[in-house]
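Chemist: Sending over a structure as structure tokens; questions will come in a sec.
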Amino acid sequence: MPAPTARPAPRRHPAPTALVLGARGAVGRATVAELRRLGAEVTTAGRSAPEPDGLALDVRTAEGRTALRAAAESVDVVINATGIEDPRLVDATAGTILVDISATAAVLARMATTFASTEAGSRGLVLGAGIAPGLTTLLVDALDPAPGDEIDVAIMLGGGEVHGPAAVAWTAELAGRPLHEPGEAGDGPSGEILNFRSSLRVPEPFGSRRYVRADFPDHLLLGAPRGALVRSWLATDSRVSTAALGVVGRFPALRSLVARAPHLGTSAWSITAIDRGTGRTLRARGEGQSRTTGVLTAHAALAAADRGLRDLATTADLLPLAAVDGLADLRLETPDPVATPST
2 MPAPTARPAP
12 RRHPAPTALV
22 LGARGAVGRA
32 TVAELRRLGA
42 EVTTAGRSAP
52 EPDGLALDVR
62 TAEGRTALRA
72 AAESVDVVIN
82 ATGIEDPRLV
92 DATAGTILVD
102 ISATAAVLAR
112 MATTFASTEA
122 GSRGLVLGAG
132 IAPGLTTLLV
142 DALDPAPGDE
152 IDVAIMLGGG
162 EVHGPAAVAW
172 TAELAGRPLH
182 EPGEAGDGPS
192 GEILNFRSSL
202 RVPEPFGSRR
212 YVRADFPDHL
222 LLGAPRGALV
232 RSWLATDSRV
242 STAALGVVGR
252 FPALRSLVAR
262 APHLGTSAWS
272 ITAIDRGTGR
282 TLRARGEGQS
292 RTTGVLTAHA
302 ALAAADRGLR
312 DLATTADLLP
322 LAAVDGLADL
332 RLETPDPVAT
342 PST
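Numbering (the numbering used here) for the sequence shown: 2 to 344.
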């Protein structure tokens, strides 16, 4: 993926304007609310119009993507909060900035390739907005990985928070599938690393917690460009649910059970980023994954609009880590260095 080099361009409106796709969902609603709180003019869109002046627009269809292209021409930035991961949205928003909340590494790689190969005039693409990737990218960037460094990113999500069907389906579909270009060999049939198969025990304030390997894309967004090895790991705040992910990783035929699993746990989430070489650790905590994702996405989108982004960027290219401390009650911590997490 090419390194981002943002070049400023004049904003087209006195106040930033945004089109939010998937505005009915939990993340979309939080994004819209934060954009409006910050003074942006927001148009909402969904498969049915979310508001009286919103747009009925289904990006899964060719007609919907054609309508999106027309709507995108009149705004500074388009935010995809639908949960639909589709590289064709890059072409459908040509001429403006697209902020995509997708979390699948292979999809983001295809979006970057589409962006690099398309002549579409003045526009930009922000890959990875929200918590993971997004906040995770900020934490990895703050550790300043050098070639050869190894960074672990442990993502703990609140098992008690109810998510939309797209988020549940995304998690279920990971089970047993190979990670996209992880940068190291694994124990899969062809040397792949498979989602939810390997695990890591990470030191935490009140003991330690076991995480399973998961295909979040910071190895693609920051690891590979810097020659560092970034590994992402997933857990919920329910140890039972996390253990169940490990079982589904071993037996992918059971992935349909993820959608029917009870919501065990709370709405608390945390991210811990650890440099294996130095033990240096950065941590972020908060409540409500969907709300935090929407708030962070809104700030990244307005930062991209403010600079008139014309290139590929990540959240780390747009926001300093200190700028997100306190947003949506997010708290940043710098714990004492830890020993190497144990597998």
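Backbone N, C-alpha and C define an ideal beta-carbon position, used for all residues, glycine too. All figures in this text were calculated on a predicted structure; none of them were measured in a lab.
Out of curiosity, what's the CA-to-CA distance linking residue 133 and residue 158?
Modeler: One C-alpha to the other measures close to 10 Å.
Chemist: Tell me residue 274's beta-bridge partners as DSSP assigns them.
Modeler: 154 and 283, per the DSSP bridge assignment.
Chemist: Would a C-beta distance cut-off of 9 Å place residue 41 and residue 56 closer than the cut-off?
Modeler: No, Cβ-Cβ distance for residue 41 and residue 56 is not below 9 Å.
Chemist: In the DSSP output, what is residue 128 paired with across the bridge?
Modeler: Answer is 101.
Chemist: Taking residue 299 as the reference, give the member of 290, 32 and 24 with the closest Cα.
Modeler: Nearest of 290, 32 and 24 to residue 299, Cα basis: 32.
Chemist: Run the CB neighbour count on residue 38, radius 10 Å, all protein chains shown included, and call it buried at 16 or more, exposed below.
Modeler: With fewer than 16 Cβ atoms within 10 Å of its Cβ, residue 38 is classed as exposed.
Chemist: Who are the near neighbours of residue 224 in its chain, counting only those whose CB is closer than 8 Å to its CB and skipping five residues on each side?
Modeler: 141, 146, 152, 184, 230 and 231, listed in sequence order.
Chemist: Look up residue 268 in the DSSP assignment and say whether it is helix, strand or coil.
Modeler: Of the three classes helix, strand and coil, the one that applies to residue 268 here is coil, per DSSP.
Chemist: Taking the straight line between their C-alpha atoms, what separation do you get for residue 283 and residue 275?
Modeler: When rounded, the distance between both Cα atoms is 7 Å.
Chemist: What first and last residue would you give for the alpha helix (DSSP H) that runs through residue 244?
Modeler: Here the alpha helix (DSSP H) through residue 244 covers 240-251.
Chemist: Using a Cβ-Cβ cut-off of 6 Å (strictly less than) and excluding sequence neighbours within five positions of residue 243, which residues of its own chain qualify?
Modeler: Correct list, in chain order: 236 and 237.
Chemist: Please classify residue 204 as buried or exposed, where buried requires at least 16 other C-beta atoms within 10 Å of its C-beta.
Modeler: Flag for residue 204 reads buried.
Chemist: Can you tell me the Cα-Cα spacing of residue 322 and residue 139, whole angstroms?
Modeler: Going from the Cα of residue 322 to the Cα of residue 139 covers about 6 Å.
Chemist: Return the chain-ordered list of same chain residues with a C-beta closer than 6 Å to the C-beta of residue 44, the five sequence neighbours on each side being excluded.
Modeler: Closer than 6 Å at the Cβ level, and outside the excluded window around residue 44, lie 20.
Chemist: Going by DSSP, what residues sit across from residue 46 in a beta bridge?
Modeler: In DSSP, residue 46 forms a bridge with 22 and 56.
Chemist: Would you tell me roughly how many angstroms separate the C-alpha atoms of residue 135 and residue 104, rounded to the nearest one?
Modeler: Roughly 9 Å separates the two Cα atoms.
Chemist: Is DSSP giving residue 226 helix, strand or coil here?
Modeler: Note: residue 226 maps to helix in three-state DSSP.
Chemist: When DSSP labels each residue in this structure, what does residue 215 get in the three-state scheme?
Modeler: Of the three classes helix, strand and coil, the one that applies to residue 215 here is coil, per DSSP.
Chemist: With distances taken Cα to Cα, identify the nearest neighbour of residue 66 among 81, 53 and 77.
Modeler: The option with the nearest alpha carbon to residue 66 is 81.
Chemist: Beta-carbon within less than 6 Å of residue 36's beta-carbon, same chain only, minus the 5 sequence neighbours each way: which residues are those?
Modeler: The answer, listed in chain order, is 19, 43 and 299.
Chemist: Closest by CA to residue 201, which one among 288, 127 and 234?
Modeler: Nearest option by C-alpha distance: 234.
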